[in-house]
Amino acid sequence: MKLRSGDAEGDSRGKRIVPVGDGNGGRKRKLVQSNEQKNDLQRDEDGRAKRRIVQSRDQKNGKILRGIHGCVSPRCSAQTYQSRFSWFEPDIWTYISRFLDGKSLVKLGATNKWFYKIAMEDTVWRFACLRDLQVPQPFPISSTWIKIYASAFDGSHSYLFRQKEKHIDWMRIGAFVLDSRTSLLTESLSGRLIVPREGTIERMLQSSGSCVINDIKSGIWIADLQLVRCPVCDLSTCDGTMQTLDARHIELFLSEGYKDGSWDYNLIGSHKLQKDASAACGAIFDLKHLKESSSSCILNLKSWTGEADDSQPKAVIAPHAVAVHTRLQENEGILVKYHTMKAGTDGDIVSIRISQQLL
1 MKLRSGDAEG DSRGKRIVPV GDGNGGRKRK LVQSNEQKND LQRDEDGRAK
51 RRIVQSRDQK NGKILRGIHG CVSPRCSAQT YQSRFSWFEP DIWTYISRFL
101 DGKSLVKLGA TNKWFYKIAM EDTVWRFACL RDLQVPQPFP ISSTWIKIYA
151 SAFDGSHSYL FRQKEKHIDW MRIGAFVLDS RTSLLTESLS GRLIVPREGT
201 IERMLQSSGS CVINDIKSGI WIADLQLVRC PVCDLSTCDG TMQTLDARHI
251 ELFLSEGYKD GSWDYNLIGS HKLQKDASAA CGAIFDLKHL KESSSSCILN
301 LKSWTGEADD SQPKAVIAPH AVAVHTRLQE NEGILVKYHT MKAGTDGDIV
351 SIRISQQLL
């Protein structure tokens, strides 16, 4: 079949001319395929045109669309953390120092100037002192806490300053608090405590074996148990020994009056028991806290004095009291003496001694 030239030209506009096939069907298929390709191209061109229009509008408005890219945000690394962390943080080391004892604090301060500044903080030594003395709260003091710590834990005791040649041995009992300025001193721990209210100290001791003293310096007190030779006899001819409950205010060893010898012990009373004494006892109670359970437990001798055949000295400490107890062999009696030391002529009492000596 022949085609007209006009039809051929009209149909071939924009179309790809292909050879004539075996039949009409083959030619028609070629034409359809050409039309589909044209439509696809038009759609692609229209699509690209539309995209170009949108992109040009975004660029005109200052907006730029970007595709998907890898993350370029800064990442944290070990080096980043290391550069920001400081090993020399005062608050951290102040907290760590609370877990160190006195010797470790001194070693830390000797490391360098920065650690020396941390180790010399008064709050650090206050915490260490209260922790090691096992007392609950601080009291106003006139010295630094590092000096108080040193005087309490450097091995010093009162007989290092006076009558050193008569001293035999000693034992640290602990620390307690006297805050009422009135104390009960007693040599009797069997039965109920009797608090004398009237009379002189001598009369109190003769009637009840106890006495009440006033004007005691409030604060933390340290108690030691001392064993000394007979204080009145010649050392070469007497083998006698004396047991002493020695209690002092925590700042006593730092006082100039004590160090220069102007403060001394004065005998305030004595009591002689001229019969066989089963034990040598001595105790100091804060009168305000006498009825508290922690103080009254001291009277339960079985809880802390050991077995009946145990003759070793025993001691017990309470928040507001201290006591000593030593079982004795058969004897002819015991002499108990009470000494106090004042901070000057009219000052407060800063030290107390209760001593027992066999007759």
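Heads up, the sequence shown is in UniProt numbering, so the first residue is 1 and it goes up one at a time.
No residue lacks a Cβ here, since even glycine has one placed at the ideal position from N, Cα and C.
I want to know whether the segment 272-285 touches the segment 324-341 - three or more CB-CB distances under 8 Å.
Because the criterion of three Cβ pairs below 8 Å is met, the segment 272-285 and the segment 324-341 touch.
Since R98 contacts V124 with CB under 8 Å, what's their CB separation in whole angstroms?
The sequence position of residue 98 within the sequence shown is 98, counting from 1. The sequence position of residue 124 within the sequence shown is 124, counting from 1. Yes, R98 and V124 are in contact; Cβ-Cβ is about 7 Å, under 8 Å.
Do three or more CB pairs link the segment 169-178 to the segment 216-229 at distances below 8 Å?
Touching, per the Cβ criterion.
Under DSSP, the alpha helix (DSSP H) around W263 begins and ends at which residues?
By one-based count along the sequence shown, residue 263 stands at place 263. Careful: W263 lies outside any alpha helix (DSSP H) and carries neither H nor E.
Out of F161, E292, H249, G333, which has the shortest C-alpha to C-alpha gap to I352?
Position 352 of the sequence shown, counted from the start, is the residue given in the question as residue 352. Minimum Cα distance to I352 is reached at H249.
Quick one: grab the DSSP three-state call for Q312.
Numbered from 1 along the sequence shown, position 312 holds the residue referred to as residue 312. Coil at Q312, not helix or strand.
Where does L273 fall in DSSP's three states?
Against the sequence shown, residue 273 aligns to sequence position 273. In the structure shown, L273 sits in a strand (DSSP, three-state: E or B).
Can you tell me whether L359 is buried or exposed? The criterion is at least 16 other CB atoms within 10 Å of its CB, across all chains shown.
Here residue 359 is taken as the residue at index 359 of the sequence shown, counted from 1. By the neighbour-count rule (16 or more Cβ atoms within 10 Å), L359 is not buried but exposed.
Who pairs with S210 in a beta bridge, going by DSSP?
Your numbering for residue 210 matches position 210 in the sequence shown. Looking at the DSSP assignment, S210 forms a beta bridge with T186.
Return the CA-CA distance between Y338 and G102, expressed in angstroms with no decimal places.
Here the question's residue 338 lines up with position 338 in the sequence shown. Here the question's residue 102 lines up with position 102 in the sequence shown. Distance between the alpha carbons of Y338 and G102: 34 Å.
What residue range is occupied by the uninterrupted beta strand (DSSP E) comprising A323?
The residue given as residue 323 occupies position 323 in the sequence shown. Taken as a continuous stretch (DSSP letters only), the beta strand (DSSP E) holding A323 covers 321-327.
Any idea what DSSP makes of K217, helix, strand or coil?
Walking along the sequence shown from the start, residue 217 turns up at place 217. It is coil, neither helix nor strand.
Closest to A323 by CA distance: which of E251, Q243, T111 is it?
Translated into positions along the sequence shown, residue 323 becomes position 323. Ranking the options by Cα distance to A323, first place goes to Q243.
Assuming A343 and I284 make a contact with CB atoms under 8 Å, what is their CB distance in whole Å?
Taking the sequence shown and counting its residues from 1, one reaches residue 343 at position 343. Taking the sequence shown and counting its residues from 1, one reaches residue 284 at position 284. Incorrect: roughly 18 Å between the Cβ atoms, too far for contact.
Is it the case that the Cβ atoms of I354 and E187 are separated by a distance below 8 Å?
Translated into positions along the sequence shown, residue 354 becomes position 354. Translated into positions along the sequence shown, residue 187 becomes position 187. Yes, the Cβ-Cβ distance between I354 and E187 is below 8 Å.
Can you give me the Cβ contacts of Y149 inside the same chain, cut-off strictly under 7 Å, excluding the 5 residues immediately before and after it?
Taking the first residue of the sequence shown as 1, we reach residue 149 at position 149. For Y149, where only same-chain residues beyond five positions count, the Cβ hits under 7 Å are G102, W125, A128, C129.
Which value, in whole angstroms, describes the spacing of the CA atoms of K166 and L254?
Along the sequence shown, one-based indexing puts residue 166 at 166. Along the sequence shown, one-based indexing puts residue 254 at 254. Their Cα atoms are separated by approximately 23 Å.
G109 lies in the beta strand (DSSP E); which residues open and close that run?
For this step, residue 109 is matched to residue 109 along the sequence shown. It is not in any beta strand (DSSP E) - G109 instead sits in the alpha helix (DSSP H) that spans 102-109.
Roughly how many whole angstroms lie between the Cα atoms of P196 and K288?
In the sequence shown, the residue the question calls residue 196 occupies position 196. In the sequence shown, the residue the question calls residue 288 occupies position 288. Their backbone Cα atoms lie some 14 Å apart in a straight line.
Helix, strand or coil: which one does DSSP assign to K302?
Within the sequence shown, residue 302 is the residue found at index 302, counting from 1. In this structure, K302 counts as helix in the three-state DSSP scheme.
If you count every other CB in all the chains shown that lies within 10 Å of the CB of A308, and 16 or more means buried, which is it?
As a working note, residue 308 is residue 308 in the sequence shown. Answer is exposed; the Cβ neighbour count stays below 16.
Taking the straight line between their C-alpha atoms, what separation do you get for Q356 and S295?
By one-based count along the sequence shown, residue 356 stands at place 356. By one-based count along the sequence shown, residue 295 stands at place 295. In a straight line, the C-alpha of Q356 is about 22 Å away from that of S295.
Give the DSSP bridge partners of I250, in chain order.
One-based indexing of the sequence shown puts residue 250 at position 250. According to DSSP, which records beta bridges pairwise, I250 is partnered with nothing at all.
Does the beta-carbon of G269 have 16 or more other beta-carbons within 10 angstroms, so that it is buried, or is it exposed?
Counting from 1 along the sequence shown, the entry for residue 269 is found at position 269. The residue in question, G269, is buried, as its Cβ has 16 or more Cβ neighbours within 10 Å.
Exposed or buried, what is D246 when buried is set at 16 or more other beta-carbons lying within 10 Å of its beta-carbon?
Start at 1 with the first residue of the sequence shown, and residue 246 comes out as number 246. Classification for D246: buried.
Look up K50 in the DSSP assignment and say whether it is helix, strand or coil.
As a first step, residue 50 must be located in the sequence shown, where it is residue number 50. Residue placement at K50 is poorly supported in this model, since its pLDDT is 49, which falls under 50; the coordinates are not used for a value here.
Since I194 contacts S180 with CB under 8 Å, what's their CB separation in whole angstroms?
For the purposes of this step, residue 194 is identified with residue 194 of the sequence shown, where counting begins at 1. For the purposes of this step, residue 180 is identified with residue 180 of the sequence shown, where counting begins at 1. Not a contact, Cβ separation roughly 19 Å.
Measure the C-alpha to C-alpha separation of N300 and S208 and round it to an integer number of angstroms.
Translated into positions along the sequence shown, residue 300 becomes position 300. Translated into positions along the sequence shown, residue 208 becomes position 208. N300 and S208: Cα-Cα distance of roughly 19 Å.
For F139, which of S151, S262, G333, S218 has the nearest alpha-carbon?
Taking the first residue of the sequence shown as position 1, residue 139 is located at position 139. Answer by Cα proximity: S218.
Run through DSSP, which three-state label would A343 get?
Locating residue 343 in the sequence shown gives position 343, where the first residue counts as 1. Of the three classes helix, strand and coil, the one that applies to A343 here is coil, per DSSP.
Using 10 angstroms around the beta-carbon of I220, count the other beta-carbons present and answer buried if the total reaches 16, otherwise exposed.
Indexing the sequence shown from 1 puts residue 220 at position 220. Answer is buried; the Cβ neighbour count reaches 16.
On a CA-only basis, which of S303, S156, G347, L205 is nearest I272? Give me that one, please.
Along the sequence shown, one-based indexing puts residue 272 at 272. Before going on, a small fix: residue 272 reads as Lys here, not Ile. Here the closest residue by C-alpha is L205.
My output table needs one value for I194: the three-state DSSP class, helix, strand or coil.
To locate residue 194, count along the sequence shown from 1; it is residue 194. Reduced to three states, the DSSP call for I194 is coil.
Quick check on the DSSP output: the alpha helix (DSSP H) that includes F176 runs from which residue to which?
Taking the sequence shown and counting its residues from 1, the one referred to as residue 176 is at position 176. No alpha helix (DSSP H) contains F176, which is instead part of the beta strand (DSSP E) from 167-178.
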